[in-house]
Amino acid sequence: MQDDRRDTGRACEDVCGDARAVRPEPVRTGGRGRDGGRHGAGGARGVARRPAARGRGGAAATEGVRDDARLAPPEGVVLRRRRVRALRARRPLRAPDRAADLTFLPMRECHGPCETAPVPGHVIAMGGFALPLVERMLELTGKPRPLLLYVPTAMGDTHARIAEFYEWSRALGAERDHLRLFGIPDDPLGRVAAADAILASGGNTANMLAVWRVHGVDRALRDAWEAGTVIGGHSAGANCWFEACVTDSFGPELQPLPDGLGLLTGSFCPHYDGEPRRRPAFTALVREGVLPPGLACDDGAAAWFDGTAFRGVLAGTPGAGAYRVTAAGEERLDVLPGV
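What follows is the structure in structure tokens.
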């Protein structure tokens, strides 16, 4: 079963045998669930269609993409990827701090000469896709024309979804690239290292994590983040950054998955307002100690981290919010002004 059926269609359904996740007992809450959002990147509400623009490599991005040749990056992107990869290979990385709990921490300040060691980048963990939240990711890079890498592993790297990404992202003012691991991968680690911002799609969380680990992409993503790259995603693409989550990766019944990348401590639940089973399942799992305390985001809301410091909640759609969930219950968090 997919985590992203509503907005991404059918995706890869087989759980990779190399996954480290252990299938736990299901939480019987009734109904069917999804980790992928009600409105995926290709079908987000409020995203206006724009005139066709030239895609990567000079080709127009359409849904008729048939092969990777039409989506090949331009020479400038290839050279830039190699250069950044070489530079980052020589830079010492600092392991991320483990936050004691999910509390608001002050913004980093620079007193005197700024440190030269890389610091972890921002994380935008969305409950469901919202284009303004992707725009915020690009703003956080501080680059006039950042390179945005789309990672649709959770959806099985389907051509249609990749084409949709180039369609809805053409007006973002960013260079764009995508990562494919199904079929014959083309320098996946180099693509990750070259990106200024990395957006993971919704889909099947367990499958995505398994495939990333087989190809070493999990380590590459951590290295990129520790070097300052902005990372994020919606649904499965948000679950992955935490230690644990609630998912329907194994079937229609929501189950705990304590096998995330662990860049951020605690657990995560997407679609808190969009699917009736999410709230009772997540709160029960946290209350019973099956999942650690964590955050839950509505569709269109995101948890914003600066490194491992929780900065607050962003709303990409009106009324969207987020909650801190502990064994004692849930607490609605204030939404930061603007996006």
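Going by our numbering, the first residue of the sequence shown is number 359, and it counts up by one from there.
Idealized CB from N, CA, C, for every residue including glycine.
Given the structure is predicted, the values throughout are model-derived calculations rather than measurements.
Can you tell me which of the options puts its alpha carbon nearest to the alpha carbon of residue i?
i, options, result
"residue 683", "653, 693 and 674", "653"
"residue 589", "621, 572 and 659", "621"
"residue 601", "651, 587, 497 and 674", "651"
"residue 681", "697, 696 and 662", "662"
"residue 678", "570, 579, 585 and 690", "690"
"residue 571", "619, 527, 494 and 613", "619"
"residue 613", "685, 694 and 644", "644"
"residue 568", "501, 632, 519 and 511", "511"
"residue 667", "615, 623, 523 and 676", "623"
"residue 636", "617, 610 and 647", "610"
"residue 642", "692, 687, 528 and 524", "687"
"residue 483", "616, 685, 517 and 629", "629"
"residue 685", "529, 617, 693 and 646", "646"
"residue 615", "664, 631 and 597", "597"
"residue 665", "519, 581 and 694", "581"
"residue 533", "501, 676 and 633", "501"
"residue 537", "676, 573 and 529", "573"
"residue 487", "517, 674 and 695", "674"
Taking the DSSP output, what are the residues bridged to residue i?
i, result
"residue 589", "481 and 556"
"residue 536", "508"
"residue 672", "660"
"residue 687", "684"
"residue 607", "Partner(s): none; residue 607 has no beta bridge."
"residue 527", "In DSSP, residue 527 forms no bridge with anything."
"residue 652", "625 and 683"
"residue 615", "603"
"residue 667", "664"
"residue 693", "671"
Give a yes or no on whether the C-beta atoms belonging to residue i and residue j are separated by under 8 Å.
i, j, result
"residue 649", "residue 659", "no"
"residue 481", "residue 599", "yes"
"residue 539", "residue 515", "yes"
"residue 627", "residue 640", "yes"
"residue 559", "residue 495", "no"
"residue 492", "residue 579", "no"
"residue 526", "residue 498", "no"
"residue 670", "residue 583", "no"
What distance in whole Å lies between the Cβ atoms of residue j and residue i, which are believed to be in contact at a cut-off of 8 Å?
i, j, result
"residue 531", "residue 657", "Contact flag wrong, Cβ pair sits at about 25 Å."
"residue 477", "residue 586", "6 Å"
Cβ of residue i within 7 Å of any heavy atom in the ligand NAP?
i, result
"residue 635", "For the ligand NAP, the structure offers nothing, since it holds no ligand at all."
Count the C-beta pairs between the segment 505 to 520 and the segment 550 to 568 that are closer than 8 Å, then say yes if the count reaches three, no if not. yes
Taking contact to mean 3 or more Cβ pairs, one atom from each stretch, closer than 8 Å, check whether the segment 538 to 545 and the segment 590 to 598 are in contact. no
Between the segment 558 to 565 and the segment 605 to 613, do three or more beta carbon pairs fall short of 8 Å? yes
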